[in-house]
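Participant: Starting off with a structure, shown below.
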Amino acid sequence: MSRYGPSSLLAGIPRESLQVSLQNAQQAYLQLSSGGKVETATYTQGDGSKSITYTRANIAQLANVIQMLQQQLGIVTRARRPLTFRFK
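Quick note on my numbering: the sequence shown kicks off at 57 and runs consecutively.
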């Protein structure tokens with residue numbers, strides 16, 4: 057299912073549900089960033105369905121939810137540590 061294993065907050069949620077949640081969150085983000093005042097996004101978590109209302113003031117929180125869903129789906133990967141070289 058996911059490459060992040062059982063420790064992920066979204067572990068155990070079917071891929072189809074995650075994709076729908078991602079689409080909902082992305083739509084909410086687009087509407088908020090284009091001037092919408094309030095948007096509600098619904099997503100499924102391990103203990104059931106959740107609904108969150110976002111305003112322009114907390115659009116960064118919505119962006120974090122989108123990134124978390126994308127990571128769980130394997131769409132984007134987490135940033136790697138920078139490569140460092142040691143010369144001896």
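Idealized CB from N, CA, C, for every residue including glycine.
Can you tell me which of Ile122, Ile115, Lys144 and Arg142 puts its alpha carbon nearest to the alpha carbon of serine 90?
Facilitator: Nearest C-alpha to serine 90: Ile115.
Participant: Helix, strand or coil, according to DSSP, for isoleucine 115 in the structure here?
Facilitator: helix
Participant: By how many angstroms is the C-alpha of threonine 140 removed from the C-alpha of threonine 100?
Facilitator: 40 Å
Participant: Sort Lys144, Leu88 and Thr98 by Cα distance to leucine 125 and report the nearest one.
Facilitator: Ranking the options by Cα distance to leucine 125, first place goes to Thr98.
Participant: Return the Cβ separation of leucine 129 and leucine 74 in integer angstroms, given the expectation that the two are a contact with Cβ distance under 8 Å.
Facilitator: 5 Å
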